[in-house]
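If you read the sequences in order, they're chains A and X.
First residue of the first sequence: 6, per my numbering; consecutive thereafter.
First residue of the second sequence: 93, per my numbering; consecutive thereafter.
Where a beta carbon is used, it is the ideal one built from N, C-alpha and C, also for glycine.
Take a look at the structure below.
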Amino acid sequence: MISVNRKLRLAVQLISLLGFLWLFLQTEYRGTDELAYPVSLLFRLDPLALLAAFFAPGESNLFLLWPALLLLGLTVVLGRFFCSWFCPLGALLDLLGGPFRRQQLNFIGWPKLKYYLLVVLTLAALCGLQLFGLFDPLSIFLRSLTLVINPVWNLLANGLFDWLYQAELPLVSPVADRVYPFFRDFLLAFRQPVFLLGLFTAAVLLVLVLLERLQPRFWCRNLCPLGALLGVCSRHSLLQRVPQTDCADCRFCSSRCRMGASGTQAVHSAECIRCLDCLEFCPHQRIEFNFGTRSTDKFDLSRRSLLTASVGGVLLAPLAAAAPLSTKSRNDLIRPPGAVIEEEFLRRCIRCGECMKVCIGGALHPDLLRGGAFSLWSPVLVARLGYCEYDCTLCGQVCPTGAIRLLQVKEKRKTKIGLAVIDKNRCLPFAQGEECLVCEEHCPTGKKAIVFERRKVLVGSDPQELLQPRVLTELCIGCGICETRCPVAGQSAILIVSEGETRTPQRLL
Amino acid sequence: MLGRRQFIRQCLHTACAAGVAGSVPQLLLPPVASAAQDAVLAVRVGEDIPQLVRQTVAALGGMKNFVKPDETVVVKPNIGWDRPVEMAANTHPLVVQTVVLLCLEAGAKKVQVFDRTCNDPRRCYVSSGIQQAVKAIDSTKAEIVHMDRRAYRDLDVPGGKALSRWSFYLPALEADRLINLPIAKHHSISTLTLGMKNLMGVIGGNRGMLHRKIAESMADINAVIHSDLTLIDATRILVANGPQGGRLEDVEVRNTLIASPQIVTADAYAATLFGYQPQQIETILAGHHRGLGEIDLAKVKRL
């Protein structure tokens, strides 16, 4: 018999997952310059995002993140309920991992790993290196959705609809063409999303799902730093289970609890995610959750390991900083408009991928190495793949941590994110003696930042008059539409470089 | 007297000929029909745009001359850029709205409005005001739609000088009527962008490549896409920093509308608004040589 509570939790878990998916679908231009919904709600709820913003230099808009404080407060009262009721990655693991789950294996001491990881990440963030984003389950969820699941879903659905449209099967094709507009308008992306790092991101998600084979919720139990943070808050929470360990005559909880919370290894109050399943599966009906009981467990983290983790965290920051600044040696690190200066940007960005999802021009992609070894998954503008739309301010609207500031359209139009430079070895009017003016045609600044100069040139021995483009440094804002639209095959003959960006004015040509 | 053998042979010949003729897709037939028409042109000036559109079309004998009852119509404005109305980068929404209304009044079964934009299509449709204007008509027969990526086909360009094959947007070719609604603008490579260049909005492929031989490419494209009526919006024209503009300084208000069944004739007159002779614009010249219309304005009948 399924108890009411379990049904209720499953319903809430499903509805919140669907809700986050719905917000994900709304993370898109829908006819108004301002997004109609708080689409990055998931990250405004995220205590790790709060920590990242808190430790970052510069002014923090903690107003954006008040829901995270609320979540921490609720956790102190109700325990680590978020993990089983609301966490979308947890829901995804329950959903996708189900078929892989076998007998639980015992990994003695592993649940402590997540606390050590949290200590490492927190101290590293305190010392200047913010890596929460790499391990934040909410970031992992949305990143996987943006970079992997959504593009694949669109390819599959569109492929099927296209095939039915072209094959003109009797009965089936007319029905498909009928329902296609609904899919197109509500469930599919306006344009097929494609992203760099898709495979790598998919591999990370796949590993997390496959780990379910070793233990249910392997990630949540042993590794999740958000789980650790909520666990710490949950330690003295008011809502506790009675009893907190297996009963002497029955070890059923140990084998059934998805978190292994009642084993002798675990601190029950911190590991239990209040999923309430044990209310139902206890054969003796002995279990109750109530607000009166105080937990007596103590965290059994070894001091030596804690110290090692702390030292590790503190050392990570200088270790990262000991590498040469990538901005010194390369010029292809183009950040979204409104991005704060690079040092602060990396400390704020939690790699959630919201900006990449919302980018109307498909310009933002996850970084691998452009911004250094620790810039992984942070957004960079890859102008050959997409450009920054002149009047669009969506990325600043969705950024939950203020890594990308919200700009007004007027300010946005004047924000330089880079500079276009012409590669005269490949640009047609220079290299081939043929006229081509696509870059000038598309340049969006009212007074164009790309102009033509009529020049007499020798094409072979033949003197000709040609229009040749030139970039006006003071007008170019580096939006990249010229690089996107350059008709030369492969690499563009006009490139956006990071010179002269507004956020670091000293980096001028 | 027709013998039995002769009869059978003739039947076979006819069948073969019919088979061959039938297997040539209709789309490949060069639409030279337009060249046979009289060179006519209507130009009107006025500040009330819906009124102006109606007067101009009436001068050509009314929309019933171009759209017959129960026909499908594609209206192709320029919605290329993410710019508001006053910047004169896109066709005026009221011009589009009135033309769609005229088509409906002429009994059109369905009127579709679309353009392959340069900026993000969603933003262009909204910023131009055209999406709102078409939706305001509130008729199930009139709709503004985004391009369906599935409906592009590679077609041969018969007699093409710059292009032998290119990707075209089938709904524009398959509609019974195509009405071309460009806005007159400055363009740095083709000097001006008018009716012929506006039809670049119903082709696929890497359009940037066409700029290498823009004049002949435009003539090639227009040899495949036949438009029944060209109505050039010169209510305000963009005289510099085209084709997308963005500064009011570059916009001139002219309150003018130019209409002709022949695309090149309409373009030829529009060129004079910018102080050019039609022969000075390579695209117009190439179109004329391709038989797309008269450009000697002295030979054109003004209505």
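Counting only the same chain and skipping the five closest in sequence on each side, list residues whose C-beta sits under 6 angstroms from that of residue i.
i                      : result
residue 200 of chain A : 152, 370
residue 202 of chain X : 164, 233
residue 321 of chain A : 129, 134
residue 432 of chain A : 498
residue 352 of chain A : 61, 135
Could you tell me the distance, in whole angstroms, from the CA atom of residue i to the CA atom of residue j?
i                      : j                      : result
residue 351 of chain X : residue 187 of chain X : 12 angstroms
residue 196 of chain X : residue 240 of chain X : 23 angstroms
residue 286 of chain A : residue 236 of chain A : 23 angstroms
residue 331 of chain X : residue 401 of chain A : 34 angstroms
residue 77 of chain A  : residue 266 of chain A : 20 angstroms
residue 315 of chain A : residue 125 of chain A : 6 angstroms
residue 157 of chain A : residue 354 of chain A : 25 angstroms
residue 210 of chain X : residue 345 of chain X : 24 angstroms
residue 178 of chain X : residue 340 of chain X : 7 angstroms
residue 119 of chain X : residue 256 of chain X : Only weak support is given to the placement of residue 119 of chain X: the predicted model assigns it a pLDDT of 49, under 50, and the value that follows is read from those uncertain coordinates. Cα to Cα, residue 119 of chain X sits roughly 14 angstroms from residue 256 of chain X.
residue 131 of chain A : residue 122 of chain A : 14 angstroms
residue 10 of chain A  : residue 293 of chain X : 58 angstroms
residue 278 of chain A : residue 262 of chain A : 10 angstroms
residue 2 of chain A   : residue 291 of chain A : Nothing can be reported for residue 2 of chain A, as the shown portion of chain A is limited to 6 through 514.
residue 227 of chain X : residue 198 of chain X : 19 angstroms
residue 396 of chain X : residue 221 of chain X : Nothing about residue 396 of chain X can be read from this structure; chain X reaches only from 93 to 395.
residue 399 of chain A : residue 363 of chain A : 6 angstroms
What does a CB cutoff of less than 7 angstroms around residue i pick up in its chain, not counting 5 residues either side in sequence?
i                      : result
residue 117 of chain A : 306
residue 117 of chain X : Its pLDDT being 49, under 50, residue 117 of chain X is placed unreliably in this model, and the coordinates cannot settle the point.
residue 131 of chain X : 354, 357, 385, 386, 391, 392, 393
residue 281 of chain X : 303, 306
residue 216 of chain A : 223, 224
residue 289 of chain A : 255
Step through the CB atoms of chain A and report whether any lies within less than 8 angstroms of the CB of residue i.
i                      : result
residue 303 of chain X : yes
residue 127 of chain X : Its pLDDT being 43, under 50, residue 127 of chain X is placed unreliably by the model, and the measurement read from it follows with that caveat. So no, residue 127 of chain X is outside the interface.
residue 66 of chain X  : Here chain X comprises residues numbered 93 to 395, so residue 66 of chain X is not present and cannot be evaluated.
residue 313 of chain X : no
residue 372 of chain X : no
residue 98 of chain X  : no
residue 117 of chain X : Here residue 117 of chain X scores only 49 on pLDDT, less than 50, and its place in the model should not be relied on; the value that follows carries that caveat. Not an interface residue.
residue 328 of chain X : no
residue 335 of chain X : yes
residue 242 of chain X : yes
residue 378 of chain X : no
Comparing the C-beta of residue i with each C-beta of chain X, is any distance below 8 angstroms?
i                      : result
residue 442 of chain A : yes
residue 51 of chain A  : no
residue 396 of chain A : yes
residue 370 of chain A : no
residue 417 of chain A : no
residue 346 of chain A : no
residue 556 of chain A : Residue 556 of chain A falls outside the range modelled here, since chain A spans only 6 to 514, and no answer is possible.
residue 427 of chain A : no
residue 433 of chain A : yes
residue 467 of chain A : no
residue 365 of chain A : yes
residue 359 of chain A : no
residue 141 of chain A : no
residue 479 of chain A : no
residue 99 of chain A  : no
Spatial neighbours of residue i within its chain, please: C-beta separation below 8 angstroms, excluding the five flanking residues on both sides.
i                      : result
residue 288 of chain X : 310, 311, 313, 314, 355, 356, 359, 375, 376, 379, 384
My guess is that residue i and residue j are in contact by the Cβ rule of under 8 angstroms, so how many angstroms apart are they, rounded?
i                      : j                      : result
residue 182 of chain X : residue 275 of chain X : 6 angstroms
residue 238 of chain X : residue 213 of chain X : 5 angstroms
residue 207 of chain X : residue 396 of chain A : 18 angstroms between Cβ atoms; not a contact.
residue 343 of chain X : residue 134 of chain X : Contact doesn't hold; Cβ gap of about 24 angstroms is too wide.
Return yes when at least one heavy atom of the ligand MN lies under 7 angstroms from the C-beta of residue i, else no.
i                      : result
residue 373 of chain X : By its list of ligands, the structure shown contains no ligand whatsoever, and the ligand MN lies outside what it can speak to.
Just by C-beta distance, which residues in the region 213-232 of chain X are closer than 9 angstroms to chain A? 213, 214, 215, 217, 218, 219, 223
Return the residues of the region 254-285 of chain X that lie within a Cβ-Cβ distance of less than 8 angstroms from chain A, sorted by chain order. 279, 280, 281
Beta carbons nearer than 7 angstroms to chain A: which residues of the region 194-211 of chain X have them? 210, 211
For the region 21-47 of chain A, enumerate the residues whose C-beta is nearer than 7 angstroms to any C-beta of chain X, in chain order. 34, 36
Residues of the region 447-458 of chain A with Cβ closer than 9 angstroms to any Cβ of chain X, in chain order: 447, 448, 449, 450, 451, 452, 453, 456, 457
In chain order, what residues of the region 171-200 of chain A put their CB closer than 8 angstroms to some CB of chain X? 171, 195
Closer than 7 angstroms, Cβ to any Cβ of chain A: which residues of the region 285-301 of chain X, in chain order? 298, 300, 301
For the region 338-354 of chain X, enumerate the residues whose C-beta is nearer than 7 angstroms to any C-beta of chain A, in chain order. 338, 339
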